[in-house]
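Taking it in order: structure first as structure tokens, then the write-up.
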Amino acid sequence: MFSGVSNITSIVDNIFLVFLIICVALFVLIVFLMVFFVIKYHQKRNPTPQQIEGNVLLEIVWTIIPAILVLGMFYYSWTGYRIMKNPPEDAMVVKVTGSMWQWNFEYDNVKPSDVLRIPVDKPIRLAITSLDVLHSFYVPAFRVKEDAVPGLETSVWFEPRETGTYDVLCAEFCGLNHAYMQSKVIVMSESAFTEWYQNEDRSPANAGSTTEGSTTTEPAEHSDT
Ligand SMILES: [Cu+2]
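The sequence shown finishes on residue 224 if you use numbering that gives the first Met the number 0, and the numbering steps up by one all the way, no holes.
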């Protein structure tokens with residue numbers, strides 16, 4: 000089925016697609032039955048209403064089928080959730096700190112950055128926290144979202160599959176400039192990443208900007224206030 004720009008994208012999109020198909024099938028069935036019964040039991044054809052007192056077989060069927068369906072949907076989602084909650088041991092860890100109203104990233108070698116630069120096809124684990132209030136680290140293209148909680152380290156992982164630039168948003172209303180609490184994920188080829196990572200220049204200018212790979216999302220208007 001779907002493949003996506005991260006391994007999580009395909010997991011989430013496939014689950015979403017299966018749920019959508021089930022929901023559409025049920026919708027069609029229910030609407031069809033409603034119309035069918037309205038016509039079949041119209042007053043003209045059934046002038047005298049008939050009293051019906053239960054139907055054990057029917058009740059068993061309409062209990063068991065939805066139960067199986069719901070348990071199946073639960074199991075399928077859980078297989079995805081299990082992957083999302085278990086980062087591989089060899090994942091590269093990047094510290095993510097949210098604060099009003101910006102995201103900051105820090106690497107193992109204490110290199111800071113205001114955008115998240117990562118190598119393609121490598122598992123990345125983000126160790127997320129907040130300096131002030133609740134925020135939520137959100138990369139829509141990766142289908143990755145995790146709360147940033149002051150005093151607590153939360154964690155999320157993914158493996159980017161395509162180089163490019165993707166939006167980072169805050170998904171937890173956190174005050175006046177919540178809407179402008181944006182950053183970028185830049186997925187780079189491994190060699191380009193290593194070159195940047197090993198560069199000793201730790202000034203924000205070097206940490207912040209170069210363009211690598213195709214731009215998949217438009218840079219949003221940025222406010223520094
Ligand atoms: Cu925020």
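Ideal Cβ positions, reconstructed from N, Cα and C, are used throughout, including at glycine. For clarity, every value in this text was computed on a predicted model and none was experimentally measured.
Would you grab the beta carbon distance between ASP146 and GLU171 for me? Rounded to a whole angstrom, and I think it's under 8 Å.
Residue numbering aside, residue 146 sits at position 147 when the sequence shown is read from its first letter. Residue numbering aside, residue 171 sits at position 172 when the sequence shown is read from its first letter. Rounded, the Cβ-Cβ distance is 6 Å, consistent with contact.
What residue from TRP102, ARG124, ILE14 has the CA that sits closest to MET72's CA?
Taking the sequence shown and counting its residues from 1, one reaches residue 72 at position 73. It is ILE14.
For ILE51, three-class secondary structure by DSSP
Your numbering for residue 51 matches position 52 in the sequence shown. Coil, per DSSP.
Cutting at 6 Å between CB atoms, please list the residues of its own chain near HIS134, excluding the five before and the five after it.
On the sequence shown, position 135 is the one that residue 134 refers to. If we look at HIS134 and ignore the five residues flanking it on each side, its Cβ neighbours are GLY97, ALA147, CYS169, GLU171, CYS173.
Would you list the residues whose beta-carbon is nearer than 5 Å to any heavy atom of ligand 1, in the order they occur in the chain?
Near ligand 1, residues with a Cβ at less than 5 Å from any of the ligand's heavy atoms are HIS134, CYS169, CYS173, MET180; the list follows chain order.
Closest by C-alpha distance to THR128, when choosing among LEU151, VAL143, GLN181, TRP100:
As a first step, residue 128 is located in the sequence shown; it is residue number 129 there, counting from the start. Among LEU151, VAL143, GLN181, TRP100, the Cα nearest to that of THR128 is on LEU151.
Is the Cβ-Cβ distance between PRO122 and TRP100 less than 9 Å?
As a working note, residue 122 is residue 123 in the sequence shown. As a working note, residue 100 is residue 101 in the sequence shown. Taking the C-beta atoms as reference points, TRP100 is found no nearer than 9 Å to PRO122.
Take TRP102 as the anchor and find which of ALA24, ALA178, ILE7 has the nearest alpha-carbon.
By one-based count along the sequence shown, residue 102 stands at place 103. Ranking ALA24, ALA178, ILE7 by Cα distance to TRP102 puts ALA178 first.
Going by the beta-carbon positions, is the gap between ASP107 and MET91 smaller than 9 Å?
Stepping through the sequence shown from its first residue, residue 107 is reached at position 108. Stepping through the sequence shown from its first residue, residue 91 is reached at position 92. Contact flag set, yes.
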